[in-house]
Every structure is written in C-alpha cells, then in structure tokens.
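First comes the structure, then the notes that go with it.
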Amino acid sequence: MHKRMLFVFSSILVLVLAVSCGGGEPKNELPPGGAAPSAGGPAAPAATATVSGKIAFEGTPPPNEKVQMSSDPYCNVHAKDYPTLETVKVSDGGLENVIVYINNVPNATYPTPTEPVEIDQENCHYRPHVFTMQTNQPLKIKNSDMTLHNIHAWAEKNPQYNVGQPVKDMVNETKFANEEVPLPVRCDVHKWMGAFIGVFHHPYHTVSKGGGAYELKLPAGKYEVVAWHEKFGKQTQMVDVMDNGKAELNFTFKPDSKPTD
Amino acid sequence: MTVHEEGENVGLHRFALFTACCTVFLIFVGGLVTSTESGLSVPDWPTTYGWNMFTFPLSKWVGGIFYEHGHRLVASFVGFLTVILAIWTWLKEKRRWVRWLGVGALATVIFQGVLGGLTVLFLLPAPISTLHACLAQTFFCLTISMALFTSPGWKRGLPLIKSQAESIPLQTLCATTTAAIYLQLILGALMRHTNAGLAIPDFPLAFGRIIPPFTSDKVVIHFAHRMGALIVAGMIVWTFSRIARFYSDYRLLYRPALTMVVLVGLQLTLGALTVWTAKAVTPTTAHVATGALVLGTSLLLTLRAYGMVVVKMPANFRGAL
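Those sequence lines, one after another, are chains A and B. Just so it is clear: in the first sequence, position 209 is 208 by numbering that gives the first Met the number 0, and no numbers are missing. Just so it is clear: in the second sequence, position 71 is 70 by numbering that gives the first Met the number 0, and no numbers are missing.
Now the structure itself:
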C-alpha cells in the first residue's frame, strides 16, 4: 500500500516539475490577430476635403506626475530624459496627443490598410504615446530596450492582449477587430509606461502633433468632429466641408477640462 | 533535552509547522503581487518570459516581475514542502485520516498552482483570482491542521475540560467564528479582485454617511466587507469573553483567543489604513496576511476546543490543565 502511494506521489511530483519546467529559451512568436470584419456597403467615398486646425491649450498646463524608475536599473539610466509621465504635452500653446476623429461616418466599406502601425518600447517609454489605426490593420510591437517589457492592451471591446518581450529587437504583431477609443496599453513591469490607441473601422482619424496641429482628410459632408485627450476628455464640434474644400476647426482645452469619456 | 514518546515524530510536526509558516509568507508575497498590480507583469505560465521559471536570470527581476516571479518561486517552494510533508506523513503517520489530510493538502496546493497559472493566462478574471485567493486561505488552514494534528500534545491527548453548559457550546461558538472569518476573507478577496477596495473612499463613514448609497456592485461588495468586519470583530470578542470567563486557566485555549483579539484589532487598523492611504502597498498587503493569521488562529482555537471541551466526562477523565 505504502509503495503504491509512494509511486503516486512520485508521479505527481514528476508531473508538477515537468509542467513548471516547461520551455527553455524565450521564443519570438507572433500572436493570432483579430478576425477580419465582414464587408458590406458601397465603396468608400473619395476624401478630397480637408479639415485642419489647432487643439489649443488655454492656461498653465498641469505638471505631469513624476516617475520613479529605480525598480529597473536599465530604465533608471536610459530614461533620465523622461522623468515624468507624458499625460499633458503642450507646445506652442497647442495640446499634443489628442485623438481627432469623426462620429457620423459615411456608410461604406473601408479597405483595411496592410501597412502596419508600429509602437516601440524605447528607453522605457512607448513611442508613440498616442496613435490611431484601423480595425484589422497590423500593429507591429517592437522592444528596442535591453530590458524586458510586457505589452498589455487593456481592451474592453476587443480581446485583451498581453505578451512579453524579454529580448531587445523582439517584434510581435497583432490586430484589433473592433472599434475602440481609447484602447489603453500598459506595461505591467514598468507601471509608468502607458499608451493609448484609437481603433476605427474607417480612415478618418488622426492625432494632434507639435503645436496641437491636426489635419483630417474627409469626403464632402457635414460631420461631428471629436477631439479626445487622456486627461481632459472629449469635445465635439460640427463641420461642413465641400469636395476639395478646406475648413478650419479649432478646439480649446483648459486645465479644468474634465474627462467626459 | 526533551524526551519524546515513541510515535510522536516531532520532526514531522516541526516540518508541518515550518510549512504553515512558509504559507503565511507566501500569502503575504501573493498579496504583494495584487497590491503592486504586478499580476500580469509575467504574461506567460508556467514559463517566465519563455525561460524555465527556475532558471530565469536574477538580473531580469525588474519592476513588477520581481513580485510576480518571486511569488511563483515562493509558491513552488511551498509546493515542494507540501510534497515532502505528504510523503513523510504517508510513510510515518499511523492515523489514516491524517495521512489523507496530507494528500488533501498536496492536492490543494497543486490545484492552487494551476489556478495561479490560469489567472495569468486568462488575464486576471475576478472569479479565478478570487478563487485563487480563497484557496490560499484554505491551504493555510490545512497546513495549520497538519501541524496541530502531528503535534505531540495532540497525539498524547489534549487535557479534557468539562463544558460550562453554556447555551451555545464553546466548540460551536469557535467554529461559527472561524466560519465568519472565512466568509469575511472571501468578501475581502472579492473586493480586492473586483477592484472595489476604494469604492467607498472614506472611513469610518461611507460617503459621509453610515449607510452609503448603493450606486454600484462595487459599493455593495465594499460595504458588505465592512459590515463583515464588524460581525467578525464581535464574534471574536464574544469568543474571547467566553474563554476569559470560563476557561482562562487553560492556556491552550486562552492564548489563541487573546492572540485573536490582538490580531483583529491590528486587522481593523490595517483595514482603515488601506482606505486612508488609498491602498498603499504595505498596509494593504499586511491586511491580507493578518487576515490569514486571524483565520489560522481561530481555526487552531476551534480544533483545540473540539479536542478539549466535553459535555460529559469520560470515565477515564484526566482533568489536567
């Protein structure tokens, strides 16, 4: 009886060790991407009109939260130039990293770009901090650091995505099948690392750059334009543009603008 | 030098005790993982970033990985201890039910490890994470039971005490208190893993009131945990009062009862600090570990009460203190 039980114990022990010792070397695997959306509707109208403007910031920008990086010696050395979060970035009176898009999208089938969008982990920060892409467009995730990162997409309308990148220059690729704005991304190893993605089924979206400047290419029509910022939330305005026409549409955020979404 | 009777196997008892102590440490380390939000910093399992978890380089234990990978290693160590404990008990223990208790502890720790892996692979779903937290407490109870049942004192037979013929027997009172603590730990785990720890941001009031507006499930869970704390504290004080009044001469009962009162006082303070510091890592994690200690102490007291207090004295009553 004792011998038989000893055999059972030994088998369990071997099984547990075998499971826990799985793997040997880290592998660079591509995760499965999201499914392609079903096609339908007329072809996408030509985007000949231009809506551009500035996302202005009025008042004194609130200071960004300081970052404590001592938990990773690599980051402590290589991210010295980025001692704070990148939540509020104001240049020439304009707010950067604002996602600008339209709400009432013309009913059409929008082709999915095959060119991947890239996010890099460089000096323990995401580059870019905010970006947009289309549903099912490939997202290339790169680690340019000599330290480990995990890239964790805290999706709600898409399956969550969490992969580790322990090796420098490691690349993974994924896709998001559903629209989601914003889709937050975080590194659970380095808590300060965060990014936001705007995933749309159409191409009418962009992110404000230096000086808060943005430009949207749209088909002729009347649109509700949305500007979303991670700290100050959402603003909307209407715009009417003709074929080959141009329209200027400016937004203004203030320190006391509250997140609305 | 203490002389032990044949069959006492003090070594096994000490090993079981050591396993129980390591389990408390493991619960603390596991609590740290949640408190530092590091649960997904190692996205794969059972490997660690593709490495065999036991060969993962120390230089790569950075940021949240330190907590998550550290938790996995401490858990593996406790698992290994449990394997030894189960084998040792099976080979040396004469009481069949104790041998099977060891097997139960081993099965529990294996299931617990699998749950830990699943919660990572499924990105911390609240039901699995909560079950993982609750099973940790259950496993701790098993290790305490093993330590108690293998102790020389238990094997020789605890001193018997005549019940004071209370309306609720001491054993029942202790068991009810232990059950209440366990339920409270389930609520605590649920609160923690549904991110409801600050659903009510003030303390001792709740949104400035005694009864908060129940605007979300999180508020309900959080408030239930606070009410549970009151009930548990009341049960513990009641148990202690009973023992202090009728059984204060019996150290085997009085000491754990007193310890439990001190621990629950500490636990209430840590709970308040958790809210006041907006879930700072140290008080929050200490709150988890102290909760386990309260449960363990209450279980110990309950088992001793069942072993000592008798309603009707047997013919060979020894009556020792």
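Heads up, the beta-carbon is just placed ideally off N, CA and C, and yes, glycines get one too.
Does DSSP put residue i in a helix, a strand or coil?
i: residue 231 of chain A; result: coil
i: residue 249 of chain B; result: coil
i: residue 178 of chain A; result: coil
i: residue 149 of chain A; result: strand
i: residue 67 of chain B; result: helix
i: residue 53 of chain B; result: coil
i: residue 226 of chain A; result: strand
i: residue 228 of chain B; result: helix
i: residue 216 of chain B; result: helix
i: residue 62 of chain B; result: coil
i: residue 272 of chain B; result: helix
i: residue 80 of chain B; result: helix
i: residue 266 of chain B; result: helix
i: residue 269 of chain A; result: A query on residue 269 of chain A cannot be resolved here, the shown segment of chain A reaching from 0 to 260 and no further.
i: residue 91 of chain B; result: helix
i: residue 240 of chain B; result: helix
i: residue 113 of chain A; result: coil
i: residue 234 of chain B; result: helix
i: residue 69 of chain A; result: coil
i: residue 31 of chain A; result: Annotation note: pLDDT 31 at residue 31 of chain A (below 50); position unreliable, coordinate value reported separately. The answer is coil: DSSP assigns residue 31 of chain A none of H, G, I, E or B.
i: residue 173 of chain A; result: strand
Does residue i have its Cβ less than 8 Å from a Cβ in chain A?
i: residue 201 of chain B; result: no
i: residue 217 of chain B; result: no
i: residue 64 of chain B; result: yes
i: residue 49 of chain B; result: yes
i: residue 43 of chain B; result: yes
i: residue 302 of chain B; result: no
i: residue 92 of chain B; result: no
i: residue 122 of chain B; result: yes
i: residue 40 of chain B; result: yes
Would you please state the rounded distance, in angstroms, between the beta carbons of residue i and residue j? I believe it to be under 8 Å.
i: residue 39 of chain B; j: residue 161 of chain A; result: 5 Å
i: residue 226 of chain A; j: residue 250 of chain A; result: 4 Å
i: residue 151 of chain A; j: residue 81 of chain A; result: No, residue 151 of chain A and residue 81 of chain A are not in contact; Cβ-Cβ is about 20 Å, not under 8 Å.
i: residue 28 of chain B; j: residue 73 of chain B; result: 5 Å
i: residue 15 of chain B; j: residue 84 of chain B; result: 6 Å
i: residue 134 of chain B; j: residue 107 of chain B; result: 7 Å
i: residue 159 of chain A; j: residue 148 of chain A; result: About 16 Å; that fails the 8 Å criterion.
Take residue i and list the residues in its own chain whose beta-carbon comes closer than 6 Å to its own, dropping the five residues that flank it on each side.
i: residue 209 of chain A; result: 90
i: residue 231 of chain B; result: 179, 180 and 183
i: residue 193 of chain A; result: 185
i: residue 128 of chain A; result: 85, 96 and 194
i: residue 57 of chain A; result: 251 and 253
i: residue 302 of chain B; result: 147
Between which two residues does the alpha helix (DSSP H) carrying residue i extend?
i: residue 77 of chain A; result: 72-77
i: residue 145 of chain B; result: 125-148
i: residue 301 of chain B; result: 280-307
i: residue 181 of chain B; result: 169-192
i: residue 114 of chain B; result: 95-120
i: residue 154 of chain B; result: 151-155
i: residue 200 of chain A; result: No alpha helix (DSSP H) holds residue 200 of chain A; DSSP gives it neither H nor E.
What first and last residue would you give for the beta strand (DSSP E) that runs through residue i?
i: residue 126 of chain A; result: 124-126
i: residue 139 of chain A; result: 138-142
i: residue 212 of chain A; result: 212-217
i: residue 101 of chain A; result: 98-101
i: residue 30 of chain B; result: Looking at the DSSP string, residue 30 of chain B is not in any beta strand (DSSP E); the run it does join, the alpha helix (DSSP H), is 9-34.
i: residue 42 of chain A; result: From DSSP, residue 42 of chain A is part of no beta strand (DSSP E); its letter is neither H nor E.
i: residue 48 of chain A; result: 48-56
i: residue 163 of chain B; result: Counting along the chain, residue 163 of chain B falls outside any beta strand (DSSP E), and DSSP gives it neither H nor E.
i: residue 246 of chain A; result: 245-247
i: residue 162 of chain A; result: 160-164
i: residue 104 of chain A; result: Element bounds for residue 104 of chain A: n/a, residue is neither H nor E.
i: residue 252 of chain A; result: 250-252
Could you confirm whether any beta carbon from chain B is found closer than 8 Å to the beta carbon of residue i?
i: residue 136 of chain A; result: no
i: residue 162 of chain A; result: yes
i: residue 245 of chain A; result: no
i: residue 83 of chain A; result: no
i: residue 167 of chain A; result: no
i: residue 189 of chain A; result: yes
i: residue 70 of chain A; result: yes
If I measure Cβ to Cβ from residue i and keep anything under 7 Å in the same chain, skipping five residues before and after, which residues do I get?
i: residue 190 of chain B; result: 196, 220, 221 and 224
i: residue 285 of chain B; result: 269
i: residue 45 of chain A; result: 218
i: residue 197 of chain A; result: 98, 100, 131, 180, 181 and 204
Under 8 Å Cβ to Cβ from residue i, same chain only, skipping five residues before and after it: list those, please.
i: residue 241 of chain B; result: 165, 169 and 172
i: residue 17 of chain B; result: 80
i: residue 106 of chain A; result: 40 and 41
Any beta carbon of chain E sitting closer than 8 Å to that of residue i?
i: residue 59 of chain B; result: The structure shown contains no chain E; its protein chains are A and B.
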